[in-house]
Amino acid sequence: MTVPHPAQAPLPEAAWGPLLASYVVLVGLPSGVTLTTWWLGRQRLSEAAAIDRYGAWGAMGALALISVLLIFDLGRPERFYSMITRFDNLGSPLAVGAKLIAAKMFLLAVLIYGFERGRRSANAAEPMAAGRKTGSVLAWVVVFISFALAVYPASLLSRSWASPLADSSGSALIFLITALLMGAAAVLLTVSVLGTVPGTRELLHAGRRALLLLLGCFAVTLLFEMLSLAGRAPDRLLAGEVLTGGSAAMFWGVVVAGGIAVPAVGLLFFRTHRKAVFVSAVAVLAGAAATRYLLFAVGQ
Amino acid sequence: MARLGMLVDLNTCIGCHACSVACKAEFDVPLGVFRDTVKYVEHGSYPQATRHFIPVLCNHCEDAPCLNACPTGAVVRLEDGEVTIEEGDCNLNRACMSACPYGAIYVDVDKGAAQKCTFCTHRTAEGRQPACVDACPTNCRIFGDLDDADSAIAKKAAANDVAVWKESEGTRPRVLYIDPRNALSLIADAGVQVDQSVDLPGERA
Ligand code: SF4
Ligand code: SF4
Ligand code: SF4
Numbered sequence: 001m002t003v004p005h006p007a008q009a010p011l012p013e014a015a016w017g018p019l020l021a022s023y024v025v026l027v028g029l030p031s032g033v034t035l036t037t038w039w040l041g042r043q044r045l046s047e048a049a050a051i052d053r054y055g056a057w058g059a060m061g062a063l064a065l066i067s068v069l070l071i072f073d074l075g076r077p078e079r080f081y082s083m084i085t086r087f088d089n090l091g092s093p094l095a096v097g098a099k100l101i102a103a104k105m106f107l108l109a110v111l112i113y114g115f116e117r118g119r120r121s122a123n124a125a126e127p128m129a130a131g132r133k134t135g136s137v138l139a140w141v142v143v144f145i146s147f148a149l150a151v152y153p154a155s156l157l158s159r160s161w162a163s164p165l166a167d168s169s170g171s172a173l174i175f176l177i178t179a180l181l182m183g184a185a186a187v188l189l190t191v192s193v194l195g196t197v198p199g200t201r202e203l204l205h206a207g208r209r210a211l212l213l214l215l216g217c218f219a220v221t222l223l224f225e226m227l228s229l230a231g232r233a234p235d236r237l238l239a240g241e242v243l244t245g246g247s248a249a250m251f252w253g254v255v256v257a258g259g260i261a262v263p264a265v266g267l268l269f270f271r272t273h274r275k276a277v278f279v280s281a282v283a284v285l286a287g288a289a290a291t292r293y294l295l296f297a298v299g300q
Numbered sequence: 001m002a003r004l005g006m007l008v009d010l011n012t013c014i015g016c017h018a019c020s021v022a023c024k025a026e027f028d029v030p031l032g033v034f035r036d037t038v039k040y041v042e043h044g045s046y047p048q049a050t051r052h053f054i055p056v057l058c059n060h061c062e063d064a065p066c067l068n069a070c071p072t073g074a075v076v077r078l079e080d081g082e083v084t085i086e087e088g089d090c091n092l093n094r095a096c097m098s099a100c101p102y103g104a105i106y107v108d109v110d111k112g113a114a115q116k117c118t119f120c121t122h123r124t125a126e127g128r129q130p131a132c133v134d135a136c137p138t139n140c141r142i143f144g145d146l147d148d149a150d151s152a153i154a155k156k157a158a159a160n161d162v163a164v165w166k167e168s169e170g171t172r173p174r175v176l177y178i179d180p181r182n183a184l185s186l187i188a189d190a191g192v193q194v195d196q197s198v199d200l201p202g203e204r205a
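As given, the protein sequences belong to chains A and B, one line each in that order.
Going by UniProt numbering, the first residue of the first sequence is number 1, and it counts up by one from there.
Going by UniProt numbering, the first residue of the second sequence is number 1, and it counts up by one from there.
In structure tokens, the structure reads:
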């Protein structure tokens, strides 16, 4: 008996190509940066305010980048605009995601304005105190939007016949963890490069702990994802493609070895070496990006 | 309010492609993409080998994944149930194409929009038949109101066992088939669009 492939291919080529794949991979980065810096900013580190500020700028930069990707994919800027302004179908994950991106960019702009004004003001204490409550509420809203954007690719791709792996039980959790991994790795990478900023040591310490914890969660989630795919025959075909088929090199080489094993060793055994932290962070970024790409592409 | 649909009798389709050609001409469909195609599927082995001709088009699904996926609301359902795309509202994000399990939607580069079969609303509004139905030399395509017990399509559907393409998708197609030899199961992984990557290179007119 032949087992039908889980991904039917009613079109000769998948409707979403490399630009959408890059979008799915990169949309996790701003969410991860926001969630990581928000968490770090509440760890009673000496540079908490600076972390929040850098986090807002970093997330804004990454969101601007993925917006450009979307505009290129759609072909014309006004097409991107219509994605934000049309409210006809809020049952479409793409519609909701685009509006969340726009809302997050707007709120980040307000927060950044507050941070920069507070920094430049000669008498910073007063306006900051007045606006602190508003800023704190906005920061919470941004955190919730970031969480939503971290898991939303699972919902987006599960509606497409071309991404059957994104329809699996662990997909949303993997998208969330990889977003957090990307964010934590980007922060560690920045700190390891900028080595001389105040508070580097405690930031590196907190970032390293967070990354190790996330790597452990990631490994366990991948394990159970593969076990969940071992049940039904069409799912086993997907698992086969990942573990022994066309995507095996990327999975074992970039995700498992590069994205988990290498950084785990680097962060556990070379904790004081800034170069090791740098290499580990780059490896985590590559592993998380490859995982998200596999969720997009396996089965096409 | 009618429930428009189409019934294709695979007993009488001769695979002449008159429907596809008429549709192409009616809508000036660009090269390489289709609203309607006819699948040729060979089945069995000598001396029992046989070839099936299966015309395929958008199913105007009752539960249409394309309609649910479109973020701009460009995919709409008309009063009589036809699923169509409002060109001006389409921003070419291709969510409908990613969602449609039948590969019925294509990108029209000239129009800058996704396009698909409309059940020829412009013709049916004038009381005419869809172009593909008019062109079929064996009358194997019947178009009409599935809810009108006196319509030709409802009578023929009631008098025969009818099947739909990819029933397991749960889309409840309005394109029905009389398929006594279970040919539809042979195209369970296929779509309306045609893979031309294996075509020999040649000059295009
Ligand atoms: S066949 Fe495809 S394009 Fe046509 S209504 Fe169904 S989902 Fe939409
Ligand atoms: S109904 Fe009209 S648009 Fe649809 S396949 Fe037939 S000719 Fe083409
Ligand atoms: S025109 Fe009629 S007979 Fe010819 S291929 Fe189309 S459906 Fe079949």
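C-beta: ideal position from N, C-alpha, C; glycine also.
Residues bridged to Q115 of chain B [DSSP beta-bridge criterion]: To locate residue 115 of chain B, count along the second sequence from 1; it is residue 115. Residue pairing of Q115 of chain B in beta bridges, as defined by DSSP: B:Y106.
P65 of chain B Cβ short of 7 Å to ligand 1 heavy atom set: Position 65 of the second sequence holds residue 65 of chain B. Yes.
Contact the segment 106-117 of chain B vs the segment 161-181 of chain A: 3+ CB pairs below 8 Å: Look at the beta carbons and you see the segment 106-117 of chain B not touching the segment 161-181 of chain A: under three pairs across the two are nearer than 8 Å.
Beta-bridge partners of C36 of chain B, as assigned by DSSP: In the second sequence, counting from the first residue as 1, residue 36 of chain B sits at position 36. A quick correction: the sequence has Asp, not Cys, at residue 36 of chain B. B:L57, per the DSSP bridge assignment.
C140 of chain B Cβ short of 7 Å to ligand 2 heavy atom set: Position 140 of the second sequence, counted from the first residue, corresponds to residue 140 of chain B. It does not: the Cβ of C140 of chain B is nowhere closer than 7 Å to a heavy atom of ligand 2.
Run of the alpha helix (DSSP H) containing L31 of chain B, from where it starts to where it stops: Reading the second sequence from its first residue, position 31 is the one you call residue 31 of chain B. Note, L31 of chain B: premise wrong, no alpha helix (DSSP H); not H, not E.
Coil, strand or helix - F270 of chain A by DSSP: In the first sequence, the residue the question calls residue 270 of chain A occupies position 270. The answer is coil: DSSP assigns F270 of chain A none of H, G, I, E or B.
Uninterrupted alpha helix (DSSP H) stretches inside the segment 78-104 of chain B (no shorter than 4 residues): Listed in chain order, the complete alpha helix (DSSP H) runs (minimum 4 residues) inside the segment 78-104 of chain B are 95-99.
Assigned exposure category for A124 of chain A - 16 Cβ within 10 Å defines buried: Counting from 1 along the first sequence, the entry for residue 124 of chain A is found at position 124. Below a pLDDT of 50, predicted positions are generally treated as unreliable, and A124 of chain A, at 49, falls in that range; the measurement from the model is reported next regardless. Result: exposed.
4 or more residues per run - each alpha helix (DSSP H) lying fully within the segment 98-163 of chain A: 125-158
Given L100 of chain A as reference, the closest of A:S121, A:A210, A:P30, A:R42 once Cα atoms are compared: On the first sequence, residue 100 of chain A is found 100 positions in, with the first residue counted as 1. Looking at the Cα atoms, A:P30 is the closest of the given residues.
Cutoff 8 Å: D108 of chain B Cβ touching any chain A Cβ: Locating residue 108 of chain B in the second sequence gives position 108, where the first residue counts as 1. Taking Cβ atoms only, chain A never reaches closer than 8 Å to D108 of chain B, which makes this a no.
Check: H52 of chain B C-beta below 7 Å from any heavy atom of ligand 3: Numbered from 1 along the second sequence, position 52 holds the residue referred to as residue 52 of chain B. No, Cβ of H52 of chain B sits at least 7 Å from all heavy atoms of ligand 3.
As assigned by DSSP and simplified to three states, the class of D52 of chain A: The sequence position of residue 52 of chain A within the first sequence is 52, counting from 1. In this structure, D52 of chain A counts as helix in the three-state DSSP scheme.
Three-state secondary structure (DSSP) of residue 209 of chain B: Residue 209 of chain B lies beyond the stretch modelled for chain B, which goes from 1 to 205, so this question has no answer here.
Cβ neighbour criterion (16 or more within 10 Å) applied to R232 of chain A: What you label residue 232 of chain A is simply residue 232 of the first sequence in a count that begins at 1. Per the 10 Å Cβ criterion, exposed.
Local Cβ density within 10 Å of P127 of chain A, reported as buried at 16 or more and exposed below that: For the purposes of this step, residue 127 of chain A is identified with residue 127 of the first sequence, where counting begins at 1. Confidence at P127 of chain A is low in this model, with a pLDDT of 49, below 50, so its placement is unreliable and the value that follows should be read with caution. Exposed.
Beta-carbon gap between E42 of chain B and R51 of chain B smaller than 8 Å: Walking along the second sequence from the start, residue 42 of chain B turns up at place 42. Walking along the second sequence from the start, residue 51 of chain B turns up at place 51. With a cutoff of 8 Å on beta-carbon distance, E42 of chain B and R51 of chain B are scored as near each other.
Proximal residues, the segment 136-161 of chain A versus chain B, C-beta separation under 9 Å: Within the segment 136-161 of chain A, the residues whose Cβ lies closer than 9 Å to some Cβ of chain B are L156, L157, R159, S160, W161, listed in chain order.
Per DSSP, cross-strand counterpart(s) of L7 of chain B: Against the second sequence, residue 7 of chain B aligns to sequence position 7. Answer is B:I142, B:L176, bridged to L7 of chain B.
Interface residues of the segment 173-187 of chain B facing chain D [CB-CB below 8 Å]: This model lacks chain D altogether, as its protein chains are A and B.
Residues, ordered as in the chain, of the segment 79-93 of chain A that lie near chain B by beta-carbon distance below 7 Å: R79, S82, M83, R86, D88, N89, G91, S92
Helix, strand or coil at V86 of chain A [DSSP, three-state]: Here residue 86 of chain A is taken as the residue at index 86 of the first sequence, counted from 1. Per the sequence presented here, residue 86 of chain A reads as Arg, with Val not at that position. Correct three-state label for R86 of chain A: coil.
Check: D145 of chain B C-beta below 7 Å from any heavy atom of ligand 2: Within the second sequence, residue 145 of chain B is the residue found at index 145, counting from 1. D145 of chain B: no, Cβ never under 7 Å from ligand 2.
Chain B residues whose Cβ lies nearer than 8 Å to that of G75 of chain A: Here residue 75 of chain A is taken as the residue at index 75 of the first sequence, counted from 1. Simply L92, G112.
Boundaries of the alpha helix (DSSP H) in which T12 of chain B is found, first to last residue: For the purposes of this step, residue 12 of chain B is taken as the residue at position 12 of the second sequence. Per DSSP, T12 of chain B belongs to no alpha helix (DSSP H) and is neither H nor E.
Beta bridge counterpart(s) of V41 of chain B as assigned by DSSP: Within the second sequence, residue 41 of chain B is the residue found at index 41, counting from 1. Paired residue(s): B:H52.
Proximity test, residue 207 of chain B beta-carbon vs ligand 1 heavy atom, cut-off 7 Å: Given that chain B is displayed from residue 1 to residue 205, the structure contains no residue 207 of chain B and the question cannot be resolved.
Rounded distance between the beta-carbons of R208 of chain A and L267 of chain A, thought under 8 Å: Here the question's residue 267 of chain A lines up with position 267 in the first sequence. Here the question's residue 208 of chain A lines up with position 208 in the first sequence. Contact flag correct, Cβ pair sits at about 5 Å.
Counted within 10 angstroms of its Cβ, other Cβ atoms place R174 of chain B as buried (16 or more) or exposed: Mapped onto the second sequence, residue 174 of chain B falls at position 174. The residue is buried, with at least 16 neighbouring Cβ atoms inside 10 Å.
Residue(s) in a DSSP beta bridge with A163 of chain B: As a working note, residue 163 of chain B is residue 163 in the second sequence. The partner list for A163 of chain B (beta bridge, DSSP) reads B:Y177.
Given V8 of chain B as reference, the closest of B:M97, B:I142, B:V76, B:V75 once Cα atoms are compared: The sequence position of residue 8 of chain B within the second sequence is 8, counting from 1. When each option's Cα is compared against that of V8 of chain B, the closest is B:I142.
8 Å Cβ cutoff, D195 of chain B in contact with chain A: Here residue 195 of chain B refers to the residue found at position 195 of the second sequence. Yes, D195 of chain B lies at the interface with chain A (some Cβ there is under 8 Å from its Cβ).
Contact list for the segment 39-53 of chain B against chain A, Cβ threshold 8 Å: none
For G299 of chain A and L238 of chain A, the rounded distance between their alpha carbons: Counted from its first residue, the first sequence places residue 238 of chain A at position 238. Counted from its first residue, the first sequence places residue 299 of chain A at position 299. For the pair L238 of chain A and G299 of chain A, the Cα-to-Cα distance works out to about 6 Å.
Uninterrupted alpha helix (DSSP H) stretches inside the segment 185-273 of chain A (no shorter than 4 residues): 200-228, 233-243, 262-269
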